[in-house]
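The structure appears right after this line, and notes come after that.
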Amino acid sequence: MLAACGVTFMACIAINNKLRVNKYYDAKHITEPNLIQLLDLIALGTVCDMVPLTGVNRLLVRSGFTQMQKTINTGLASLIEVSRIKTAVNTYHAGFVLGPRINAGSRVHKSDLGARLLSTEDREEAVNIAWILNDCNDRRKEIQAQMEREALEMVEEQGLDQQALIMLGHDNWHPGLSGLVAGKIKEKYNKPACIITYALNSDGTREGRGSGRSIPGINIGRAFMDAMEQGIIPKGGGHAMAGGFTVDPDKLQDFMAFMNDHVAKQAASNEINCETNIDGIMAVQGAKIDFVEQLENTVGPFGMDFPEPVFAFHNVRIYNPTIRGETHISVMISDWEGGSRMKAMAFGAVGTPLGDALLKDKTKAFNLIGQLKINEWQGRKSAELHIQDGSFA
């Protein structure tokens, strides 16, 4: 399955080949376009569209990241600079640094900023737009964090985590962030989640507009389409892991009941695996920067259907647990016997059992699992563990 940008690129290749065969460029005395120079944008779009990084997609992304190191796209180069990416761009940078900034304009400011950035050839304009998008992304994070806090409070107060699907709505929530918040709720409770915002149509009627995110084994896009076909909602669709819909507020309860029943039936017929696959067991001593770089360069790029390897670290000692940015926890870890230390981050862990354990039980030995990342600070590279889960040893 190709992303839309991948389909477009393949169409460009076919058209270009046809024009070449028909001697179009010779007849017009013009230079044939170098489509390879577009691969950086194709890689960016493929990663951000969250399609499987297998087959042709994998080739496009790997080649695109190579092209990105010598990009001729003024806007992309400016955004990389403003984002302070010092190393070669990888799937993390594309999906969590560059992509969110490009999308931030449409979420909280002007929808054309991303397109203007990637199409301009003026260096000054590109840098200016890149900084605007960077500020938009900061604003997006603030709004999203507030929405997440309110959503989590609603889940706990109303006991919605006991249902097959978690569905929440609020008049004051930002419509551009509903999908992101749904994703966070889904991750926390390991259940499909829908976030609804409300708006007035041109005829003055009130309409709910929602986004949903799912877990493996539950096709949420199919559920939305079935609800639409049965006349419960006017619009709905998507794919297995994500989708969107509109709903009449008067039919919200009917829609919630339908979705919970649909998801429960899917869960009963499909095996939902909540276990984590571990690819290897390591000692902190062995998690060196050269190992992480070799992993990225020879096995990567990582993404959908080709995830980063998950490593287990047994009998780990915790040092200096610190809350970062209200919701994240930073610690230093070493093997229980001692030796070199490595930084580890538990994102969104504040207020969770894992976070409480890291902050309050630092004298105990831990078993941790997570992905190894490259951290660069002030020109120095080091290995860093992004903690996925943990337990007492």
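One point on numbering: in the working numbering, the residue at position 130 of the sequence shown is 207, and numbering is uninterrupted. Note that the Cβ used here is the ideal one computed from N, Cα and C, for glycine as well.
Legend entry - Within the region 297-322, ranges of the beta strand (DSSP E) (whole runs, at least 3 residues): Counting only runs of 3 or more, we get 312-315.
Legend entry - Reduced DSSP category for Trp413 - H, G, I as helix; E, B as strand; rest coil: Of the three classes helix, strand and coil, the one that applies to Trp413 here is coil, per DSSP.
Legend entry - Extent of the continuous alpha helix (DSSP H) to which Met336 belongs: Annotation for Met336: the continuous alpha helix (DSSP H) segment containing it runs Leu329 to Ser346.
Legend entry - Residues that DSSP places opposite Thr404 in a beta bridge: Assignment of beta-bridge partners to Thr404 by DSSP yields no partner.
Inset, instruction - Leaving out five residues on either side along the sequence, give the residues of the same chain with a beta carbon under 6 angstroms from the beta carbon of Leu436. - result: The answer, listed in chain order, is Pro398.
Legend entry - Phe424 in three-state terms, based on DSSP: In the structure shown, the three-state DSSP call for Phe424 is coil.
Inset, instruction - With distances taken Cα to Cα, identify the nearest neighbour of Gln371 among Val133, Leu445 and Ile451. - result: The candidate whose alpha carbon is nearest that of Gln371 is Ile451.
Inset, instruction - Would you mind stating whether Gln146 and Leu116 have Cβ atoms separated by less than 8 angstroms? - result: Cβ atoms of Gln146 and Leu116: not closer than 8 angstroms.
Inset, instruction - Report all residues from its chain with a CB closer than 8 angstroms to the CB of Asn347; omit the five preceding and five following residues, and keep chain order. - result: The beta carbon of Asn347 lies closer than 8 angstroms to those of Gly294 and Ile295 in the same chain, with the five residues before and after it left out.
Inset, instruction - Report the option in Asn134, Leu136 and Arg178 whose CA atom is closest to the CA atom of Ser155. - result: Ranking the options by Cα distance to Ser155, first place goes to Arg178.
Inset, instruction - Report buried or exposed for Gln221, applying the criterion of at least 16 other Cβ atoms within 10 angstroms of its Cβ. - result: Counting Cβ neighbours within 10 Å, Gln221 comes out buried, since at least 16 surround it.
Inset, instruction - State the Cα-Cα distance for the pair His251 and Leu445, rounded to the nearest angstrom. - result: Straight-line Cα distance between these residues: approximately 36 angstroms.
Inset, instruction - Determine the extent of the beta strand (DSSP E) in which Arg457 is found, giving its start and end residues. - result: For Arg457, the enclosing beta strand (DSSP E) stretches over residues Arg457 to Phe469.
Inset, instruction - Could you please give the first and the last residue of the uninterrupted alpha helix (DSSP H) stretch that includes Lys218? - result: Where Lys218 is concerned, the enclosing alpha helix (DSSP H) starts and stops at Arg200 to Gln235.
Inset, instruction - Would you check if the region 280-295 and the region 308-324 touch, i.e. whether three or more CB-CB distances between them fall below 8 angstroms? - result: These segments touch.
Legend entry - C-beta atoms of Pro384 and Val340 nearer than 8 angstroms: If you check the CB distance, Pro384 and Val340 do not come in under 8 angstroms.
Inset, instruction - Using DSSP bridges, identify the partner residues of Ile243. - result: Paired residues: Ala270.
Legend entry - Limits of the beta strand (DSSP E) - the one that Lys450 falls within: Boundaries of the beta strand (DSSP E) around Lys450: Phe443 to Trp454.
Inset, instruction - Would you identify the three-state DSSP class for Thr353, choosing helix, strand or coil? - result: Thr353: coil per DSSP, three-state reduction.
Legend entry - Gly287: first and last residue of the uninterrupted beta strand (DSSP E) it sits in: Its beta strand (DSSP E) spans residues Arg283 to Arg290.
Legend entry - Burial state of Val98, where buried means 16 or more other Cβ atoms lie within 10 Å: Val98 comes out exposed.
Inset, instruction - Please state whether DSSP places Leu277 in a helix, a strand or coil. - result: Correct three-state label for Leu277: strand.
Legend entry - Endpoints, alpha helix (DSSP H) assigned at Leu436: Note, Leu436: alpha helix (DSSP H), Pro430 to Lys437.
Inset, instruction - Look up Arg394 in the DSSP assignment and give the residues it is bridged to. - result: Ser411.
Legend entry - Closest Cα partner of Ala317 within the set Asp438, Glu414 and Arg299: The residue with the shortest Cα to Cα distance from Ala317 is Arg299.
Inset, instruction - Would you tell me roughly how many angstroms separate the C-alpha atoms of Leu449 and Cys82, rounded to the nearest one? - result: When only Cα atoms are considered, Leu449 and Cys82 end up about 29 angstroms apart.
Inset, instruction - Pick out whichever of Phe469, His405 and Gly363 has its Cα sitting closest to the Cα of Thr440. - result: Nearest of Phe469, His405 and Gly363 to Thr440, Cα basis: Phe469.
Legend entry - Spatial distance of Asp382 from Glu373 (CA atoms): Using only the alpha carbons, I get a separation of about 16 angstroms.
Legend entry - Residue from Ala434, Ser291, Gly380 and Ser140 with nearest C-alpha to Leu242: Out of Ala434, Ser291, Gly380 and Ser140, Ser291 has the C-alpha closest to the C-alpha of Leu242.
Legend entry - Residue of Ile107, Asp199 and Asp248 minimising C-alpha distance to Glu227: Comparing Cα-Cα distances from Glu227 to each of Ile107, Asp199 and Asp248, the minimum goes to Asp248.
Inset, instruction - Please name the residue in Ala276, Asp238 and Arg200 whose C-alpha comes closest to that of Lys265. - result: Answer by Cα proximity: Asp238.
Legend entry - Extent of the continuous alpha helix (DSSP H) to which Gly191 belongs: Annotation for Gly191: the continuous alpha helix (DSSP H) segment containing it runs Leu190 to Ser196.
Inset, instruction - Run the CB neighbour count on Leu277, radius 10 Å, all protein chains shown included, and call it buried at 16 or more, exposed below. - result: Burial call: exposed.
Inset, instruction - Along the alpha helix (DSSP H) that carries Glu109, what are the first and last residues, could you check? - result: Where Glu109 is concerned, there is no enclosing alpha helix (DSSP H), given that its DSSP letter is neither H nor E.
Legend entry - CA-to-CA distance, Ala192 to Ser183, given in whole angstroms: Those two C-alpha atoms are separated by around 10 angstroms.
Legend entry - Residue environment, Gly432, which counts as buried when at least 16 other CB atoms sit within 10 Å: So Gly432 counts as buried.
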